[in-house]
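The structure appears below as structure tokens.
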Ligand code: ARG
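Here's what the structure looks like:
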């Protein structure tokens with residue numbers, strides 16, 4: 048088991064405390080918390096012991112601290128707490144060597160999820176419908192969560208579950224006859240326009256709406272003509288989506304969709320009919336189970352016999368379990384769909400599926416105010432285009448002023464633009480809504496992707512200037528407070544990756560990277576005031592080598608973390 052440096056020390060401290068107290072270490076470990084940095088690294092509060100020992104907590108703490116001997120830790124009582132501080136050695140070396148040995152795999156732990164499988168449903172845009180803000184968030188969040196689980200050794204089955212079935216195809220198909228331009232049949236934006244127009248028309252004109260329904264009914268019946276048209280539309284959209292995914296470096300294990308369950312839904316409905324049962328309600332078929340007051344029932348078939356989103360999700364859940372025998376099945380989908388997933392999972396449970404509890408809706412909040420210069424349509428591709436364009440101006444200025452050397456300003460701007468948008472999203476707690484701001488996300492300062500990419504490039508640059516990464520160094524020379532603080536930030540990545548995966552919360556990694564960058568920046572700028580603190584200090588090769596080793600570990604930590612988030616790491620910017 049590759050445990051983190053931090054958890055090894057915590058375990059050793061807990062073990063020693065447990066020995067002194069005569070209790071199992073497992074009872075103590077959860078009570079060992081990070082200390083107030085002024086007083087140490089680990090802290091154990093003695094309040095809970097006061098009653099049994101009939102002693103004041105500070106006295107208990109003092110006595111325990113006296114009794115403990117833990118290699119690598121300096122143990123001290125501070126009031127009612129027993130605190131432990133990592134001694135500079137071997138701690139500093141363990142962290143730096145651990146990072147450098149792991150390289151880009153730093154933070155990963157292949158043993159953690161060995162033999163386990165997670166299914167992750169993410170991105171899942173709707174074909175021929177406008178792409179919404181929620182597809183942007185699910186794409187970034189899902190991609191990162193997939194990366195986190197892969198890093199932890201899980202088998203990841205990422206599924207892009209396209210919304211490629213339903214009445215919207217009827218709308219596009221009959222809409223196309225009315226408003227379509229034949230020569231734009233393969234133009235995704237045009238299809239979306241047609242959909243928007245047809246949707247509006249259907250709201251005003253029941254006969255038109257009925258035609259669209261009729262078209263979808265033909266699709267569900269497997270009508271060859273209807274399916275041919277559907278397939279064309281699907282291919283056109285998919286081509287557009289694939290280009291955006293390639294741009295973002297996203298690769299799904301499976302791109303499939305709701306249409307996969309065409310013709311397979313009656314089997315699921317039959318199964319539900321056995322347990323818990325189905326019943327008719329206003330001509331429609333619904334799941335027969337208890338509903339809360341005012342809760343809409345789970346619809347399996349409309350009164351015209353067509354199936355619904357829930358019907359397909361039930362079929363899909365069964366299918367995923369049969370195919371992957373998952374330990375977890377995640378649905379990274381907007382908070383708006385919370386009721387839908389609660390109901391789907393509850394239906395599975397009522398059906399007696401023991402794995403229903405392994406299905407998890409991973410919801411997220413809204414983005415406000417995201418629009419591009421071209422208009423209100425929130426197309427991911429357009430958002431990335433605009434980010435690149437905004438960055439490109441700055442990159443060109445910097446090149447002109449001699450502040451930046453790059454042979455390919457376009458490619459670099461694409462990388463920075465992507466970093467801006469992805470980080471601008473992932474730094475927020477998944478559950479919270481946020482307001483998107485172009486200037487904020489693309490800024491080189493503050494809590495942004497470009498700032499982190501810059502911190503990474505700066506560390507790479509220091510290494511280049513310092514003649515590359517040192518092979519041998521003496522960790523005992525890293526005694527500056529700025530250095531010790533930085534090492535402590537680098538230490539956190541492995542545990543943060545675990546917490547982020549467990550909580551489906553990429554923002555934990557995002558925020559850690561900001562802390563790493565800030566600690567490196569304080570270190571770097573300390574050298575501006577005090578020459579002796581310079582990383583590339585003159586006249587002391589041994590100190591310089593040690594500082595370069597720490598810089599190398601910093602660069603690796605930033606690169607590993609950014610890569611997990613799905614953000615490119617240019618070496619120069
Ligand atoms: N296509 C749906 C939408 O855009 C999201 C699908 C999410 N996944 C699922 N299994 N329902 O809202």
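In the working numbering, the protein residues as written are 48 to 620.
Glycine included, each C-beta is placed from N, C-alpha and C at the ideal position.
As the structure is a prediction and not an experimental result, all values here were calculated from the model.
For residue 196, the three-state secondary structure derived from DSSP is helix.
The Cβ-Cβ distance between residue 331 and residue 349 falls below 7 Å. Taking the Cβ atoms as the reference, residue 237 lies roughly 6 Å from residue 228, within the contact range of under 8 Å. A straight line joining the alpha-carbon of residue 313 with that of residue 480 spans about 39 Å. Between the ligand ARG and residue 308, a heavy atom-to-CB distance of less than 6 Å is absent.
When the Cα atoms are used, residue 504 and residue 291 turn out to be separated by approximately 26 Å.
In the DSSP assignment, the residues bridged to residue 168 are 206 and 378.
In the DSSP assignment, residue 301 falls within the unbroken beta strand (DSSP E) covering 301 to 304.
Taking C-beta atoms under 8 Å as the contact rule, residue 590 and residue 524 qualify, at a distance of about 5 Å. The residue from 50, 340, 399 and 219 with its alpha-carbon nearest to that of residue 323 is 399. Counting only residues of its own chain and dropping the five nearest sequence neighbours on each side, residue 534 has a CB closer than 6 Å to the CB of 139 and 142. A direct Cα-Cα distance of roughly 11 Å separates residue 368 from residue 361. Looking at 457, 76, 132 and 144, the one whose alpha-carbon comes closest to that of residue 436 is 457. Residue 417 is positioned such that its CB atom lies closer than 7 Å to that of residue 483. In the three-state scheme derived from DSSP, where H, G and I count as helix and E and B as strand, residue 475 is classed as coil. Counting only runs that start and end inside the stretch 212 to 237, the alpha helix (DSSP H) elements of at least 4 residues fall at 214 to 226. Fully contained in the stretch 94 to 165 are the following beta strand (DSSP E) runs of length 3 or more, in chain order: 120 to 125 and 128 to 133.
Between residue 117 and residue 63, the C-beta gap is smaller than 7 Å, which places the two residues in contact. The C-beta distance from residue 188 to residue 548 rounds to 12 Å, too long to meet the 8 Å contact threshold. Taking C-alpha positions only, residue 149 is separated from residue 476 by approximately 28 Å. Residue 418 has its Cβ no nearer than 6 Å to any heavy atom of the ligand ARG.
Contact annotation: residue 364 and residue 276 have beta-carbon atoms that are not nearer than 7 Å. Its Cα nearest to that of residue 207, the residue 173 stands out among 173, 222 and 530.
By the Cβ neighbour-count rule, residue 470 is buried, with 16 or more other Cβ atoms within 10 Å of its own. Per DSSP, reduced to three states, the secondary structure at residue 331 is strand. Counting C-beta atoms within 10 angstroms of its own C-beta, residue 518 has fewer than 16 neighbours from the protein chains shown and is therefore classed as exposed.
Judged by their CB atoms, residue 397 and residue 359 are not nearer to each other than the 7 Å cut-off.
Within the model, the alpha-carbon separation for residue 327 versus residue 386 is close to 21 Å.
Excluding sequence positions up to five before and after residue 239, its CB lies within less than 6 Å of the CB of 177, all in the same chain and listed in chain order.
Under DSSP, residue 346 shares a beta bridge with 333. Under DSSP, residue 354 forms a beta bridge with 348.
DSSP lists 210 as the beta-bridge partner residues of residue 173. Within the same chain, 198 come within 6 Å of residue 155 by CB-CB distance, once the 5 residues on both sides are set aside. In this structure, 377 is the residue among 409, 377 and 175 with its C-alpha nearest to the C-alpha of residue 402.
Residue 132 is positioned such that its CB atom lies closer than 7 Å to that of residue 88.
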